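Here the structure is laid out as structure tokens; the discussion comes afterwards.
Numbering (my numbering), first residue to last: 18 to 448.
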């Protein structure tokens, strides 16, 4: 009888401890979600057994948000895996798209793809979002993939931001992000990558960005398609524009920008890509490998070309037809630096650390790719901002994939019934 009592007493004590721990977790979640405080982030590396395993609240993939803890020397932070990325043509050189797609693919969460083979967004540069356009977990036919919920975890497709529609499409705790770029540089990049010259009258063909920038009003009058060439970032973000893609009302524009600032967790700036990615890492509770990337392979104007295009006359001309984009860019550029300042003095040290890791990995991959006599991995030393980890030759290929390659991998994952063989054809890596 006494032994039975001791057993019940032990069970009771265990139950008390578990309940106390659960209460602490719930309290922390409420505080973290509502306080807006940025905590120290941790690394959540995939296929890195030498790293400490993050502790989730249940088995398998963590719920959203999840409490993640490495050890008592680190703060807790909230892991966010639901993300909606709104991007404009030429604004990110597909860098952030590939980062987010890779994140979802490696974490084995659901990254949506278009249902139709051809998206009208390619014709216009942006499109109204409709839930029927994108694959949902219930549409996956591969028997190897079973998703617990009808949830789109990662959205990274050309679509115009629509607050009401997207609230119905994506989880309530989804983090909305976008990336802006200096408007004249965004236009020059999109001119090259999207062949904007095809969208003007063939008898008066704009063969280079410079020709357009010499007289943008003239070339706008020569457009033969609805593809966006002015105020494109504002159009994608859903700001009120008239039928000529110009500002409809100044006060309405300011109100829309204020609403965007409230709706979006982060607005990143391409010109400060490293700072933007480190800020993303901190606010999403991601690891350093989650934000790593290679130099974009999309054909872009060189820095020298961009400098030649950015004359005072060209900027003045371009501002006349892109006043809303400049208003949006200037506002969120200032917002970015206010947020960086709020992160504290160690933020810039973490950015420098991130750049060093990027440089080390790029150097290793240039040597390791197609040279099987080289080392199979390079060791990234641990620092205040990252644990020690190995970067392997296989990871070089994974991190060097382009948008079309990620789309192919996602289609294969969702619609094939056979497992990918161990030996696969590797993409040609450009580093």
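Note that CB positions come from ideal geometry on N, CA and C, so glycine has one too.
Keep in mind it's a predicted model, so treat the numbers as computed, not measured.
8 Å Cβ cutoff met for residue 338 and residue 237
yes
Going by DSSP, what residue range makes up the alpha helix (DSSP H) through residue 127?
Counting along the chain, residue 127 falls outside any alpha helix (DSSP H), and DSSP gives it neither H nor E.
What are the partner residues of residue 343, as DSSP defines its beta bridges?
Answer is none; residue 343 lacks a bridge partner.
On a Cα-Cα basis, can you pick out the residue from 174, 275, 327, 294 that is closest to residue 200?
327
My output table needs one value for residue 309: the three-state DSSP class, helix, strand or coil.
coil
For residue 362, count neighbouring Cβ atoms within 10 angstroms of its own Cβ and tell me buried if that reaches 16, exposed if not.
exposed
For the alpha helix (DSSP H) that contains residue 240, what are its first and last residues?
Element bounds for residue 240: n/a, residue is neither H nor E.
Check whether the Cβ atoms of residue 194 and residue 281 lie closer than 8 Å to each other.
yes
Does the Cβ of residue 432 have 16 or more other Cβ atoms within 10 Å, making it buried, or fewer, making it exposed?
exposed
Excluding the 5 residues preceding and the 5 following residue 258 in the sequence, name in chain order all residues of the same chain whose CB lies nearer than 8 Å to its CB.
248, 251, 252, 264, 265, 341
So, helix, strand or coil for residue 290, using DSSP?
helix
Closer than 8 Å is the cut-off here; do at least three beta carbon pairs connect the segment 363-375 with the segment 398-407?
yes
Given that a residue counts as buried once 16 or more other Cβ atoms are within 10 Å of its Cβ, and exposed if not, what is residue 457?
Given that the chain is displayed from residue 18 to residue 448, the structure contains no residue 457 and the question cannot be resolved.
Just reading off the alpha helix (DSSP H) that residue 382 is part of, what are its end residues?
363-385
Going by alpha carbons, who is nearest to residue 307 out of 226, 406, 244?
406
Just the C-alpha distance for residue 430 and residue 162, rounded to the nearest angstrom, thanks.
8 Å
List the residues that DSSP assigns as beta-bridge partners of residue 407.
396
Report the rounded CA-to-CA distance for residue 298 versus residue 408, giving the unit in angstroms.
19 Å
Residue 190 - DSSP class collapsed to helix/strand/coil
coil
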